[in-house]
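Asks: Okay, here's the structure, questions in a sec.
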């Protein structure tokens, strides 16, 4: 059984996808994984690039060519099904939905697997997202979206009081 099944949904992001796959395949650690690239009917040569540069040289990479762009959920579900996440006993222990514009640090996947293994009560994990300029992408650390937290955010109290533990909890 694999430790990790990675689904990368692609639509016309050939160069970003190439970089993403290179960083995933350069991951370090003692875990097994498979990458399923689901191409959502790209017209930029993405699928051909995946076949020639990755599938032909690395058994950990598979390509699914969707005949049409069915959207985010449709494409990810194609990948998850291909990995066996429909009740098959050989499905990987964990699944990762990864966007093609992601660059994965060498130790990130191993750290995430170790975290999940050490915390069996945790059902999902989200990575720390860092922008190209090195800043934290605030979208990766939003608080729990209660109606009150959302209200504070949308009326602007979070911007008026950015250090307030009450009003600045959205981001």
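In the numbering used here, the protein residues as written are 5 to 175.
The beta carbon of each residue, even a glycine, is placed where N, CA and C say it ideally should be.
#1: Can you give the beta carbon distance from residue 5 to residue 96, rounded, assuming they're within the 8 Å contact cut?
#2: Buried or exposed: where does residue 115 fall if 16 or more other Cβ atoms within 10 Å of its Cβ makes it buried?
#3: Does residue 51 come out as helix, strand or coil in the three-state DSSP assignment?
#4: With burial defined as no fewer than 16 other Cβ atoms inside 10 Å of the residue's Cβ, what is the status of residue 61: buried or exposed?
#5: So what's residue 92 in DSSP terms, helix, strand or just coil?
#6: With a threshold of 16 other CB atoms inside 10 Å of the CB of residue 75, please say whether the residue is buried or exposed.
#7: So what does DSSP say about residue 66, is it helix, strand or coil?
#8: Could you check the C-alpha separation between residue 102 and residue 82 for me, to the nearest Å?
#9: I'd like the list of long-range same chain contacts for residue 18, defined as Cβ closer than 6 Å, with 5 residues on each side in sequence excluded.
#10: So which of 129, 9, 150, 108 has the shortest CA-CA distance to residue 136?
#11: Residue 9 lies in the alpha helix (DSSP H); which residues open and close that run?
Replies: Judging by the given coordinates:
#1: For the purposes of this step, residue 5 is taken as residue 1 along the chain shown, with counting starting at 1. For the purposes of this step, residue 96 is taken as residue 92 along the chain shown, with counting starting at 1. By a beta-carbon distance limit of 8 Å, residue 5 contacts residue 96. Their separation comes to about 7 Å.
#2: The residue given as residue 115 occupies position 111 in the chain shown. So residue 115 counts as exposed.
#3: Residue mapping note: residue 51 aligns to position 47 of the chain shown, counting from 1. Per DSSP, reduced to three states, the secondary structure at residue 51 is helical.
#4: Here residue 61 refers to the residue found at position 57 when the chain shown is read from its first residue. So residue 61 ends up on the exposed side.
#5: Working through the chain shown from its first residue, we reach residue 92 at position 88. Looking at residue 92 - three-state DSSP - the assignment turns out to be coil, as it is neither helix nor strand.
#6: As a working note, residue 75 is residue 71 in the chain shown. So residue 75 ends up on the exposed side.
#7: In the chain shown, residue 66 corresponds to position 62, counting from 1. DSSP places residue 66 in strand when its eight states are reduced to three.
#8: The residue labelled residue 102 in the question sits at position 98 within the chain shown. The residue labelled residue 82 in the question sits at position 78 within the chain shown. Separation of residue 102 and residue 82 (C-alpha to C-alpha, rounded to the nearest whole angstrom) is 14 Å.
#9: For the purposes of this step, residue 18 is identified with residue 14 of the chain shown, where counting begins at 1. Taken in chain order, the residues that qualify are 48, 49, 50, 53.
#10: Walking along the chain shown from the start, residue 136 turns up at place 132. Nearest option by C-alpha distance: 108.
#11: Mapped onto the chain shown, residue 9 falls at position 5. Counting along the chain, residue 9 falls outside any alpha helix (DSSP H), though it belongs to the beta strand (DSSP E) covering 8-14.
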